[in-house]
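Take a look at the structure below.
Residue numbers (this note's numbering): 43 to 334.
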């Protein structure tokens with residue numbers, strides 16, 4: 043019936059696995075939970091080893107890092123059942139009916155993708171962080187809005203997919219850095235006319251990075267976008283960022299904007315500012331425009 047697949051890296055995933063395990067036992071369905079650490083060699087894996095004590099659950103740590111796309115493909119190959127529930131390790135279900143909500147959708151469907159959505163905990167500490175601000179603005183989207191633009195609001199942190207369909211699409215393993223593997227995956231689904239069905243079945247994203255770490259990851263994500271455009275895996279004007287870079291280049295100012303990358307990067311970190319973060323994204327892509 044259901045294979046729950048959790049890639050992790052330097053994170054204690056036991057709380058998530060334990061909660062899912064409880065819900066799955068109550069649901070009385072055939073299931074497995076597979077959690078694999080992508081070569082972090084973290085001491086937190088001592089906690090993750092406890093997953094192996096749970097029936098129908100297992101944890102393994104890879105010796106070497108293979109990347110965010112490859113680890114998800116590897117998990118799918120390890121899966122036994124026909125439905126794959128992918129979850130990031132730093133999330134927790136927002137509802138005690140998280141698993142039943144998904145099971146209700148798949149009883150009579152094949153060839154489908156379901157996206158449950160993301161929430162953020164509004165703690166005083168989180169509210170100060172750029173990652174939280176970004177998540178609230180661009181990721182914590184209500185289900186009605188997500189349904190209007192289903193491919194735009196696809197996130198790999200929480201989605202269910204028919205196994206046969208996943209093996210037709212898969213994640214692009216050339217993407218080894220952080221970020222934007224979800225963009226290419228959703229665009230491929232759209233190109234192949236596979237629907238994404240959005241549900242009100244969110245998870246809380248708990249792994250909120252410090253500002254400097256988040257900006258660093260954002261930088262890697264922009265490098266992935268440049269790579270995707272350069273290798274014709276996406277169109278050169280796919281999405282708002284690449285469109286902006288295209289028109290800045292058309293007007294002959296992309297080089298000058300690219301020179302401001304370090305300025306915007308420091309401002310984004312110092313002020314925890316989404317405005318400066320967006321400026322940084324455009325500026326850094328402009329500095330990479332030879333790759334575009």
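The C-beta atom is built at its ideal place from N, Cα and C for all residues, glycine as well.
Is it a yes or a no for the region 104 to 112 touching the region 72 to 88, going by three-plus beta-carbon pairs under 8 Å?
yes
Considering only the alpha carbon of each residue, which of 151, 130 and 77 lies closest to residue 43?
Your numbering for residue 43 matches position 1 in the chain shown. Comparing Cα-Cα distances from residue 43 to each of 151, 130 and 77, the minimum goes to 151.
Nearest CA to the CA of residue 217: which residue from 269, 193 and 173?
On the chain shown, position 175 is the one that residue 217 refers to. Here the closest residue by C-alpha is 269.
Go ahead and label residue 170 buried or exposed: buried means 16 or more other beta carbons lie within 10 angstroms of its beta carbon, across all protein chains shown.
The residue labelled residue 170 in the question sits at position 128 within the chain shown. It counts as exposed.
Measure the alpha-carbon distance for residue 285 versus residue 92 and round it to whole angstroms.
For the purposes of this step, residue 285 is taken as residue 243 along the chain shown, with counting starting at 1. For the purposes of this step, residue 92 is taken as residue 50 along the chain shown, with counting starting at 1. The straight-line gap from Cα to Cα measures roughly 47 Å.
The beta strand (DSSP E) with residue 166 in it runs from where to where?
Taking the first residue of the chain shown as position 1, residue 166 is located at position 124. Where residue 166 is concerned, there is no enclosing beta strand (DSSP E), although the alpha helix (DSSP H) it sits in stretches over 166 to 169.
Identity of the residue in 288, 141 and 119 nearest residue 242 by Cα:
Residue 242 sits at position 200 when you count from the first residue of the chain shown. It is 141.
Is it the case that the region 159 to 173 contacts the region 86 to 100, given that we only count it when at least three CB pairs across the two stretches are under 8 Å?
no
Mind checking residue 249: buried by the 16 CB within 10 Å criterion, or exposed?
In the chain shown, counting from the first residue as 1, residue 249 sits at position 207. Label assigned to residue 249: exposed.
For residue 283, would you say it is in contact with chain B, using Cβ-to-Cβ distances shorter than 8 Å as the test?
Included in the structure is just one protein chain, with no chain B present.
When the distance is taken between beta carbons, is residue 46 closer than 8 Å to residue 78?
As a working note, residue 78 is residue 36 in the chain shown. As a working note, residue 46 is residue 4 in the chain shown. Cβ distance not < 8 Å, so residue 78 and residue 46 don't count as in contact.
Cβ atoms of residue 306 and residue 321: under 8 Å apart, would you say?
Taking the first residue of the chain shown as 1, we reach residue 321 at position 279. Taking the first residue of the chain shown as 1, we reach residue 306 at position 264. Contact flag set, yes.
Contained beta strand (DSSP E) runs [length at least 3] in the region 236 to 320, N- to C-terminal order:
238 to 240 and 245 to 247
Which runs of the alpha helix (DSSP H) spanning at least 4 residues fall entirely within the region 76 to 115, listed in chain order?
87 to 90
Below 6 Å CB to CB, which residues in the same chain sit around residue 159 once its five sequence neighbours on both sides are set aside?
Within the chain shown, numbered from 1, the residue matching residue 159 stands at position 117. Only 244 meet the Cβ criterion.
Taking contact to mean at least 3 C-beta pairs separated by less than 8 Å, is the region 204 to 216 in contact with the region 120 to 133?
yes
For residue 213, does the three-state DSSP call read helix, strand or coil?
In the chain shown, the residue the question calls residue 213 occupies position 171. Reduced to three states, the DSSP call for residue 213 is coil.
Determine the extent of the alpha helix (DSSP H) in which residue 231 is found, giving its start and end residues.
For the purposes of this step, residue 231 is taken as the residue at position 189 of the chain shown. Taken as a continuous stretch (DSSP letters only), the alpha helix (DSSP H) holding residue 231 covers 223 to 233.
Do residue 256 and residue 161 come within 8 Å of each other at the CB atom, strictly closer than that value?
Counting from 1 along the chain shown, the entry for residue 161 is found at position 119. Counting from 1 along the chain shown, the entry for residue 256 is found at position 214. No.
Nonlocal neighbours in the same chain, by C-beta distance under 6 Å from residue 155, ignoring five residues either side
Here residue 155 refers to the residue found at position 113 when the chain shown is read from its first residue. Closer than 6 Å at Cβ, skipping near neighbours: 203 and 238.
In chain order, what residues of the same chain lie with their CB nearer than 6 Å to the CB of residue 223, ignoring the 5 residues before and after it?
Sequence index remark: in the chain shown, residue 223 carries index 181 (1-based). Within the same chain, residue 223 has close Cβ partners 110, 111, 213 and 217.
Classify residue 260: buried if its beta carbon has 16 or more other beta carbons within 10 angstroms, exposed otherwise.
The residue given as residue 260 occupies position 218 in the chain shown. The residue is buried, with at least 16 neighbouring Cβ atoms inside 10 Å.
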